[in-house]
Amino acid sequence: MPRTLFVGTYGDEHQPGGIYSLRLSSDGKKIEQLNHLANPKLAGYLMYDPKTTILYSVDERKNDGRGPVEPAASVMAFSVNLESGHLSLLNEQIAPGPRPTFLSLDSHNGLLFSANHGDFEHVEKVVFKDGKWGSEYVYDDSTVIMYGLNKDGSISGINDLVILQGHGKDPNHSKQAGGHAQASPHAHSAVISPNGKYLLVCDKGTDTVLVYSVTEKLNLVNSYKFPDESAPRHLVFADNKHLYLNLEISSELASMEFDTKTGELTLLDKISTLDNSYRGHNEPAEIRLHPNGRFIYVNNRGEDTIAWYSIDEKAKLTRIGAVKLAKSIHPGLASRSFAFDSTGQYLVSADRPDNKVKVYNVNADTGVLDFVSDFTLPQPAFIVFAEN
């Protein structure tokens, strides 16, 4: 049967941005545009709740202090008409801390979580300390926010907010911000555990996965520190006790064991996300587990691929194939996201440099991706299927 999906896009002075509603035909060969909503302009992450048919979106803004002051970063809730693709705004809540980049949903407990990355730039402040004049550098706060949800799926407000602390090696080997991507914390994902008891936050800036217990507040109960210049970005649970994550600066893929009683993480395996022959710069972005649980997929920005990896019974990882994507302009302007439909038959990629959404058929036995069709959209950033 046809599938409805939503694509978040980035707007600028030349492109409208916003959210596009699309319909994918049963055979994957045709994509039809149903609707377009221009606001939010920077729809860099979407989350769909099949229980309430609500779509959540970030507006990935930051006011840089130059020119007119625009609205602050926010999260929005939309009711969805799956037949027409029409979105109706329910409400919007502020997201303190610029550049919200990730949403996680606990529909059962009525909670929505946001990871706010912050930008890399700093402000230089003149200070007088210990009888001497000098300068200090102030960076954006990176935050993790827990929102409450009303029964209709609208966002009731902020239940708790955590401001991350610390920094990693600075300068580092990332091309982002001239190598200063770890001068301060940068939360890039906040993932609720399958049992709903923990929130796991990947902090690129400190090379750390932070584990919070989820009650009325977020309480830090554990953490796992990767080597310098690793930069954990996104993670996905396979079940209650196992998860996989990608490391942005070191271009690695890791499998880990998760203790549901203590929140402790144990590393099981870690490999490069890249082909052995590739020697250029690379920063992986998205990670997804195929619905059959047999293959992990990662898109590499630099190598410009979606690669897939097998998983054995001991969570050992092996790269087994890849498809090429459009050439990235730089790590921040590259293919950023992809998603599976609920059956795992199709993978759809947001190939931003090519301004296209690309559809691949997935071989469930081998993991192999075969190109089927594409659809032109300006600056696609994120894809989510709306399936009940």
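All residue numbers for the sequence shown refer to this note's numbering, where the first residue is 1 and numbers rise by one. All C-beta atoms, glycine included, are put in the ideal place defined by N, C-alpha and C.
With burial defined as no fewer than 16 other Cβ atoms inside 10 Å of the residue's Cβ, what is the status of residue i: buried or exposed?
i, result
"residue 231", "buried"
"residue 299", "buried"
"residue 20", "buried"
"residue 207", "buried"
"residue 390", "Absent from the structure is residue 390, since the part of the chain shown begins at 1 and ends at 388."
"residue 303", "buried"
"residue 183", "buried"
"residue 76", "buried"
"residue 248", "buried"
"residue 133", "exposed"
"residue 93", "buried"
In chain order, what residues of the same chain lie with their CB nearer than 8 Å to the CB of residue i, ignoring the 5 residues before and after it?
i, result
"residue 194", "237, 239 and 240"
Start and end of the beta strand (DSSP E) containing residue i?
i, result
"residue 345", "Here residue 345 belongs to no beta strand (DSSP E), and DSSP marks it neither H nor E."
"residue 198", "198-203"
"residue 4", "3-9"
"residue 297", "295-301"
"residue 279", "Premise fails: residue 279 is in no beta strand (DSSP E) and is neither H nor E."
"residue 126", "122-129"
"residue 92", "87-94"
"residue 132", "132-139"
"residue 336", "It is not in any beta strand (DSSP E) - residue 336 carries neither H nor E in the DSSP assignment."
"residue 155", "155-163"
"residue 23", "18-24"
"residue 148", "143-149"
"residue 266", "265-272"
May I ask whether a heavy atom of the ligand ZN can be found less than 7 Å away from the beta carbon of residue i?
i, result
"residue 302", "No copy of the ligand ZN occurs in the structure displayed, which carries no ligand at all."
If I measure Cβ to Cβ from residue i and keep anything under 7 Å in the same chain, skipping five residues before and after, which residues do I get?
i, result
"residue 5", "22, 24, 348, 383, 384, 385 and 386"
"residue 354", "326"
Which one or two residues does DSSP pair with residue i in a beta bridge?
i, result
"residue 313", "Note: residue 313 sits in no beta bridge, so no partner."
"residue 374", "358"
"residue 177", "BP columns for residue 177 are empty, so no partner."
"residue 187", "203"
"residue 106", "111"
If you drop the 5 nearest sequence neighbours on each side, which residues of the same chain put their C-beta closer than 6 Å to that of residue i?
i, result
"residue 375", "31 and 357"
"residue 271", "253 and 317"
"residue 221", "211, 213 and 263"
Is there a C-beta anywhere in chain B that falls below 8 Å from the one on residue i?
i, result
"residue 123", "Here chain B cannot be found, since the structure has a single protein chain."
For the region 34-85, list the beta strand (DSSP E) runs that are entirely contained and at least 3 residues long, ordered along the chain.
-> 46-49, 54-59 and 74-80
At 3 residues or longer, and completely inside the region 209-251: list those beta strand (DSSP E) runs for me, N to C.
-> 218-225, 232-237 and 242-247
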